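K.L.:
Residue numbers (this note's numbering), protein chains in the order written: chain A, 10 to 230; chain B, 10 to 230.
Backbone N, C-alpha and C fix where the C-beta goes; we use that ideal spot for every residue, glycine too.
From a predicted model like this one, the values you see are computed outputs, not experimental measurements.
Protein chains: 2
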Amino acid sequence: MTDQERPLDRGAPFSGGVGGGRAAEPDRRVRRTRRILREALVSLILDKGYERVTVQDVLDRADVGRSTFYAHHRDKDALLVSWFDDMSEDLRREFDAMAPGAQVEPSGPAAVLFQHAHQHRDMYRALCGRHGGTLVFRHLHGLVADLMRGHLRPHLAAAGSDLPVEVVAEFYTSAALGLLTWWVDEDFRYEPTRLARMYQRLAATGVIGALDHGDEVRPHP
Amino acid sequence: MTDQERPLDRGAPFSGGVGGGRAAEPDRRVRRTRRILREALVSLILDKGYERVTVQDVLDRADVGRSTFYAHHRDKDALLVSWFDDMSEDLRREFDAMAPGAQVEPSGPAAVLFQHAHQHRDMYRALCGRHGGTLVFRHLHGLVADLMRGHLRPHLAAAGSDLPVEVVAEFYTSAALGLLTWWVDEDFRYEPTRLARMYQRLAATGVIGALDHGDEVRPHP
DNA sequence: CGACAACCGAACGTTGTGTTCATTGCCGTA
DNA sequence: TACGGCAATGAACACAACGTTCGGTTGTCG
């Protein structure tokens with residue numbers, strides 16, 4: 010964690026709040042600009058890959074002045090991160106909505122992730138795929154790993170396992186994200202639930218499960 | 010696979026071979042330069058992280074002229090890749106040396122990887138850790154995934170599993186590399202064999218194994 | 001409508017890149 | 001030991017992108 014995400018003067022000082030306006034809605038122009046910048050960035054990532062996108066590119070595609078960009082974001086990375094923050098909030102909400110069910114396997118979090126990715130395909134293409142950058146992917150990894158640890162800790166503790174939580178969490182987090190990345194690059198060939206089921210099998214029973222014929226579980230012809 | 014690694018004029022035309030020189034050994038100066046460049050790069054990565062290392066930095070630390078650098082490598086990435094290629098050759102050899110044993114679980118490849126990483130700690134720190142770049146890591150991922158596929162395919166085929174090999178391979182590859190990365194960042198706290206054993210357990214039996222008390226296997230107090 | 005915040009765009013200094021070209025000094029040969 | 005060819009070398013150059021600044025313009029909110 011470096012010194013990322015200095016907020017600059019994020020959110021216009023005091024303006025919005027006409028009726029019962031949500032907490033300090035920024036000026037309409039601000040929203041517009043930010044939206045346009047994000048869209049431009051995402052579409053550019055899909056075109057050329059994150060690394061090759063230059064601030065100038067974003068400026069051109071968004072048709073926004075140079076100084077305007079820097080008024081909102083410290084640099085290219087900050088723009089991406091701000092976008093990711095919104096996304097991750099969304100994702101976290103979905104996790105929380107599911108949490109009480111308290112599945113035993115790590116497939117709960119993974120399934121939610123796959124579902125979420127499938128809903129926001131373009132964004133995940135820009136995030137994880139061939140084209141994505143390292144930065145946000147690490148953020149995502151950290152996020153999922155956190156959730157995974159929280160999810161697994163009680164189970165491991167209850168069973169008195171001698172495996173450190175971090176190791177187990179890291180294992181399943183990486184497996185999930187790796188599968189996700191692969192899936193994205195394969196252009197979402199499988200249904201999200203199908204992928205989730207495969208993950209679930211591998212996670213729950215390991216190679217042994219993988220070597221089983223899928224018969225007993227097979228839910229359709 | 011893009012157009013990486015144009016050899017330029019790798020290997021001086023014809024010079025070496027004074028005594029009984031090995032097959033077309035490049036000029037002594039060339040070897041020296043290349044070695045110095047690599048060392049400089051690696052040490053710089055460990056200092057600042059790959060992304061932040063600039064060609065200029067390498068030039069300064071290696072005390073080498075600009076054109077010299079570009080005579081040997083197309084850019085920063087190419088330098089790193091050339092280094093990685095050597096490493097990976099080494100790694101692949103170790104895999105092959107082990108292959109005939111034909112373990113059932115994916116822990117074979119993983120164990121070799123962990124061992125190799127432990128032997129070349131500094132290099133893996135520069136490769137996988139917090140500081141590593143995306144590029145070589147993807148290469149490594151590809152390499153391991155390949156091996157994993159080759160390793161798993163026969164077993165899955167024999168058992169008539171309905172899981173696609175790519176999925177299973179991706180799962181275990183990502184898990185192994187994720188664990189590796191984590192381990193590197195934790196400064197190799199565990200013994201490589203210990204890590205391998207944990208991986209092995211998770212890979213073989215899944216969460217079920219993780220929830221077991223480690224008693225039956227525990228080889229020491 | 002009027003104040004003010006946000007946007008614009010051009011210009012500038014800086015840093016890093018990749019290439020060019022004359023020079024240096026190894027290398028093998030006589 | 002002396003010599004000529006040739007690869008390696010480093011200074012200088014042109015270029016691309018970055019991030020900042022500042023006076024002028026335009027949209028927004030009250």
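1. Can you check whether the CB of His82 (chain A) is closer than 9 Å to the CB of Leu53 (chain A)?
2. Tell me the rounded alpha-carbon separation between Arg15 (chain B) and Arg158 (chain B).
3. Mind checking if Thr182 (chain B) is an interface residue toward chain A, Cβ cutoff 9 Å exclusive?
4. At least one CB of chain A closer than 9 Å to the CB of Ala32 (chain B): is that the case?
5. For the region 162-174 of chain B, enumerate the residues whose C-beta is nearer than 9 Å to any C-beta of chain A, in chain order.
6. Whose Cβ in chain A lies nearer than 7 Å to the Cβ of Val177 (chain B)?
7. So, helix, strand or coil for Asp94 (chain B), using DSSP?
8. Classify Ser76 (chain A): buried if its beta carbon has 16 or more other beta carbons within 10 angstroms, exposed otherwise.
9. Answer with yes or no whether the minimum CB distance from Thr63 (chain B) to chain A is below 9 Å.
10. Using the Cα positions of Asp66 (chain A) and Ser91 (chain B), report the straight-line distance between them to the nearest angstrom.
11. For Gly215 (chain B), count neighbouring C-beta atoms within 10 Å of its own C-beta (all shown protein chains included) and say buried if the count is 16 or more, exposed if not.
12. Less than 9 Å separating the beta-carbons of Gly187 (chain A) and Glu179 (chain B)?
13. Go ahead and label Gln128 (chain B) buried or exposed: buried means 16 or more other beta carbons lie within 10 angstroms of its beta carbon, across all protein chains shown.
14. Pick helix, strand or coil for Asp105 (chain B), following the three-state DSSP scheme.
15. Say whether chain A places a C-beta atom closer than 9 Å to the C-beta of Gly159 (chain B).
16. For a minimum of 4 consecutive residues, which ranges assigned as the alpha helix (DSSP H) are wholly contained in the region 103-177 of chain A?
17. When DSSP labels each residue in this structure, what does Tyr199 (chain A) get in the three-state scheme?
18. Can you pull the chain B residues whose beta carbon is under 7 Å from the beta carbon of Met207 (chain A), in chain order?
19. Is the beta carbon of Leu189 (chain A) sitting closer than 9 Å to the one on Leu152 (chain A)?
20. Pairing CB atoms from the region 192-210 of chain B with CB atoms from the region 196-213 of chain A, are three or more of them under 8 Å?
21. Enumerate in chain order the residues of its own chain whose CB-to-CB distance from Tyr133 (chain B) is below 7 Å, with the five nearest sequence positions on each side excluded.
22. Are Ala184 (chain A) and Ala184 (chain B) touching if we call contact CB-CB under 9 Å?
23. If we define contact as Cβ-Cβ less than 9 Å, is Glu103 (chain B) a contact residue for chain A?
24. In its own chain, which residues sit with a C-beta less than 6 Å from the C-beta of Ile217 (chain A), not counting the 5 before and 5 after it?
P.N.:
Inspection of the coordinates gives the following:
1. Taking 9 Å as the Cβ cut-off, Leu53 (chain A) and His82 (chain A) do not qualify as a contacting pair.
2. Reliability fails at Arg15 (chain B), whose pLDDT of 34 lies under 50, so the model's placement of it is uncertain and no value is given.
3. yes
4. Because Ala32 (chain B) carries a pLDDT of 39, less than 50, the predicted location of this residue cannot be relied on, and the following value inherits that uncertainty. It does not: the Cβ of Ala32 (chain B) has no partner Cβ on chain A nearer than 9 Å.
5. His164, Leu165, Ala167, Ala168, Gly169, Ser170, Asp171, Leu172 and Pro173
6. Leu211 and Ala219
7. helix
8. exposed
9. False, the Cβ-Cβ gap to chain A never drops below 9 Å.
10. Their Cα atoms are separated by approximately 31 Å.
11. buried
12. yes
13. By the neighbour-count rule (16 or more Cβ atoms within 10 Å), Gln128 (chain B) is not buried but exposed.
14. In this structure, Asp105 (chain B) counts as helix in the three-state DSSP scheme.
15. It does not; no Cβ of chain A falls within 9 Å.
16. For secondary structure counted as the alpha helix (DSSP H) over 4 or more consecutive residues, the region 103-177 of chain A holds these complete runs in sequence order: 116-128, 130-136 and 143-168.
17. coil
18. Leu172 and Val176
19. no
20. no
21. Ala126 and Val193
22. yes
23. So no, Glu103 (chain B) is outside the interface.
24. none
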